[in-house]
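Comments concern the structure below.
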Amino acid sequence: MPRNARLFALIQSLRAARAPRTAEQLAAEMEVSTRTVYRDIAMLQGLRVPVEGAAGLGYVLRRGYDLPPLNFDQDEVEALRVGLALLARSGDHALQRAAQRVRDKVDALHGPADWLQVAPWGAPQDDPARGCVPVARLRRAIREEEKLRLCYARADGSRSDRVVRPVALVYHINCVMLAAWCEWRGAFRHFRTDRIWSCTALGQHFPGQGETLLALWLEQDASAATSAPSGTLAFKDAAPP
């Protein structure tokens, strides 16, 4: 990891910590030696970053550092907290971790708000141990305009292999849907992410086509994925030929 990125990660780790972090803990987290952590701490202190502590005792970052004032009123801050908490329902582990980092930053500035609680039940977690692929991998393929080969399980239990060009993700309360151009069908199809049993990046990109495909999907098929009752999933779901 480049030094600048490591220093930033070190600040983020100390800011999110609720107790002093030892050099050994920080070294394990960032996969570097304790000697490197000591050097990085000294560099941050030399740059007037308010890291306090000492070797053997642990380090803390004074509250509020590196977090500019948020120009939000109280209702907006609470809306932000609830919105971030609702990501627990998305089933997307990577987004949930990112949301927690943002919540830590908000708490560092405003203090915690434990009286705002959101029930976590929603879409199933994208746990590879249970067979489904990480949603973060699908998001990355959309950003990078990369084709995917999917092994998809239909509602009746049968499976099919598809090569698709992913264009969008739709987060429902009880599932997440991948919208993609299916090369087998020559049309847009929607795939429940908890039924995608394997996902292989083909290394084949479609640069510049992503925006066009997204515009076509929004015009032709988006309402089928976003407006269907979440309990019935009444949209096209990779139906057999």
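Numbering (this note's numbering), first residue to last: 16 to 256.
Think of the CB as a built atom: it goes at the ideal place given N, C-alpha and C, for glycine as much as any other residue.
Small disclaimer: the values here were computed from a predicted structure and weren't measured.
- Within the model, the alpha-carbon separation for GLN111 versus VAL64 is close to 28 Å.
- One Cα belongs to VAL47, the other to ASP142, and the distance between them is close to 28 Å.
- THR208 sits buried, since 16 or more C-beta atoms from the chains shown fall within 10 Å of its C-beta.
- Assigned with DSSP and collapsed to three states, GLN235 falls in helix.
- Closest option to GLN219, judged by alpha-carbon separation, among GLU234, ARG104, ALA94 and LEU163: LEU163.
- Note that the C-beta distance between ALA31 and ASP119 is below 8 Å.
- Counting only runs of 4+ residues, the alpha helix (DSSP H) found wholly inside the region 136-186 occupies 150-159, in chain order.
- The beta carbon of VAL148 sits closer than 6 Å to those of ILE211 and CYS214, all from its chain and outside the five residues before and after it, given in chain order.
- Of the candidates ARG174, TYR186 and PRO181, PRO181 places its Cα closest to the Cα of ARG158.
- ARG200 carries a coil assignment under DSSP once its states are collapsed to helix, strand and coil.
- Counted as a single uninterrupted DSSP element, the beta strand (DSSP E) harbouring VAL75 occupies residues 73-76.
- For the pair LEU184 and VAL178, the Cα-to-Cα distance works out to about 17 Å.
- By the criterion of at least three beta-carbon pairs nearer than 8 Å, the region 122-129 is not in contact with the region 219-238.
- Along the region 40-75, the beta strand (DSSP E) occurs as fully enclosed runs of 3 or more residues at 66-69, listed in sequence order.
- With a beta-carbon spacing of about 7 Å, ALA138 and HIS187 fall inside the 8 Å limit used to define contacts.
- In the DSSP assignment, SER213 falls within the beta strand (DSSP E) that extends over 211-220.
- In this structure GLN235 is exposed. Its beta-carbon is surrounded by fewer than 16 other beta-carbon atoms within 10 angstroms.
- Straight-line spacing of the CA atoms in LEU101 and PRO135 works out to 7 Å.
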